[in-house]
Each structure stands twice: as C-alpha cells, then as structure tokens.
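Numbering (mature numbering (1 follows the signal peptide of the UniProt record, and there is no 0)), first residue to last: -17 to -1, 1 to 174. Where is the CB? At the ideal position from N, CA and C, for every residue including glycine.
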C-alpha cells in the first residue's frame, strides 16, 4: 500500500532540477543522489508540516486542556525542526520549491477550512479539532515516511523520513494517552 501511495505521489508531482545559474553538469551532480520519490516526498511533507504547525500555534490561546496545549507545543517544536531539515534537504536536492501542493487539501494535511474553524473556536471544541487533525496528520505522515524509506534513494531523505516517523510515533503515543486520560482543567492538580 505504501508503494502505491508513493507511486501516486511521484506520478502527480514531477519536480524539475534547478538550472538557472548552474551548469547542467553541476545541477545533475547535485540531484543525482535524489530520485523523484525523494523530492516528491519532501515537496509534500513541507506543506503538511506547515499546516499542522499553523494549527498547533493556535493552541496556547484556544485550548481548554493544559495537556492538549502541551502536546501542541511539543508537536509544534518538532514540526519546526522537521521543516528546517526538509527545506535544507530540498535545497541540497537542487529542486526548486515550486509549492506544487499550495492550497491543496489532501489526506492528513490540515485543511484550510479546518484552520479557519480552529481559529474561530475555543475550549473543548478546539481541543477536539486539534487532536482529530493531528491524528490524521500523524497517520498520513507515518505512511508517507514509510513509502519514502522503501522507495527513496537519497540517504539524507530516507534518514529524515525515518527520524520523522520515529518522532511522529512518539507524538501519536502522546495523543493516545490524552484520549485515555480525563480532560484536565486549568488550575487542577493531577497525581
């Protein structure tokens, strides 16, 4: 199933090597380690992480549950790190950031409508929007990372996919713990 997802991803997103200001030989040597799966994966993961980060950034002023706000802060921090590493990998691949997924709503990507609704919501309804969207994001990210690890060629990209998959699994575990714990209220004590 992962191979089919990556195949569809690659078929729908063909990135072209950068050629402006570089000789064809220099562009070819910079991109030779990255295959189409690597660059398509990076170009998809960047907007997915950006949208999820935008959602987590809303939590401090909107969440009713300190545990949800803490998860959002940890997730946002991880997403910022992932974004920096994804952008660096894209730059090293030699493929320009053409933003082919700009404005798209795809499985696991926090939708623009979800961001709008979350920005207008507070309390427990916000917490539900956030946790549901993060669950979908984590699930899709793990699947895409598995596909990249199986079909990608560049060690940098496949290693990054493995790191993101590990981080996402930890964040999903934290989300699962939230679902089993009763919601906290500000000022309440636990333990």
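To the nearest angstrom, how far is it from the Cα of residue i to the Cα of residue j?
i, j, result
"residue 17", "residue 152", "25 Å"
"residue 78", "residue 47", "42 Å"
"residue 6", "residue 26", "Summary for residue 6: the model assigns pLDDT 44, below 50, so the residue's position carries little reliability; its value from the coordinates is reported in the next sentence. If you take the alpha carbons of residue 6 and residue 26, they lie about 23 Å apart."
"residue 9", "residue 84", "Reliability of the predicted coordinates at residue 9 is poor, the pLDDT of 42 falling under 50, and the value obtained from them is presented with this limitation in mind. When rounded, the distance between both Cα atoms is 27 Å."
"residue 22", "residue 100", "32 Å"
"residue 68", "residue 108", "33 Å"
"residue 38", "residue 80", "22 Å"
"residue 53", "residue 59", "10 Å"
"residue 95", "residue 150", "24 Å"
"residue 50", "residue 161", "7 Å"
"residue 127", "residue 24", "7 Å"
"residue 62", "residue 105", "23 Å"
"residue 29", "residue 66", "6 Å"
"residue 44", "residue 64", "22 Å"
"residue 171", "residue 129", "Only weak support exists for where residue 171 lies, its pLDDT of 48 falling under 50; the value from the coordinates is given anyway. Whole-angstrom Cα-Cα distance: 40 Å."
"residue 82", "residue 118", "24 Å"
"residue 141", "residue 70", "14 Å"
For residue i, which residues from the same chain have a beta carbon less than 6 Å from its beta carbon, with the 5 sequence-adjacent residues on both sides left out?
i, result
"residue 92", "31 and 34"
"residue 36", "59 and 62"
For the ligand ZN, any of its heavy atoms closer than 6 Å to the Cβ of residue i?
i, result
"residue 46", "With respect to the ligand ZN, the structure offers nothing, as it holds no ligand at all."
Which one of the options has the shortest CA to CA distance from residue i?
i, options, result
"residue 158", "74, 85, 120 and 144", "120"
"residue 131", "122, 145 and 118", "145"
"residue 19", "156, 129 and 134", "134"
"residue 155", "96, 29 and 123", "123"
"residue 56", "142, 114 and 143", "114"
"residue 116", "143, 82 and 90", "90"
If you drop the 5 nearest sequence neighbours on each side, which residues of the same chain put their C-beta closer than 7 Å to that of residue i?
i, result
"residue 139", "72 and 75"
"residue 12", "With a pLDDT of 41 at residue 12, under the threshold of 50, the predicted position of this residue should be treated as unreliable, though the coordinate-derived value follows. Here the set comprises nothing."
"residue 41", "101 and 102"
"residue 214", "Not covered by the structure: residue 214. The range shown for the chain is -17 to 174."
"residue 88", "94 and 95"
"residue 112", "97, 100, 101 and 104"
With a threshold of 7 Å between beta-carbons, can residue i be considered close to chain B, or not?
i, result
"residue 36", "Among the chains of the structure shown, chain B does not appear; only one protein chain is present."
Which same chain residues end up closer than 8 Å to residue i when comparing Cβ atoms and leaving out the 5 residues on each side of it in sequence?
i, result
"residue 125", "148, 151, 152 and 155"
"residue 136", "16, 17, 18, 20 and 21"
"residue -10", "Its pLDDT being 39, under 50, residue -10 is placed unreliably in this model, and the value from its coordinates should be taken loosely. Correct list: empty, nothing qualifies."
Please give the ranges of any alpha helix (DSSP H) in the region 87 to 144, keeping only runs that are unbroken, at least 4 residues long and fully inside the region.
Uninterrupted alpha helix (DSSP H) stretches at least 4 residues long and entirely within the region 87 to 144 occur at 95 to 102 and 107 to 134, given in chain order.
Note down, one range per segment and in chain order, each alpha helix (DSSP H) of at least 4 residues found wholly within the region 9 to 90.
19 to 45 and 49 to 76
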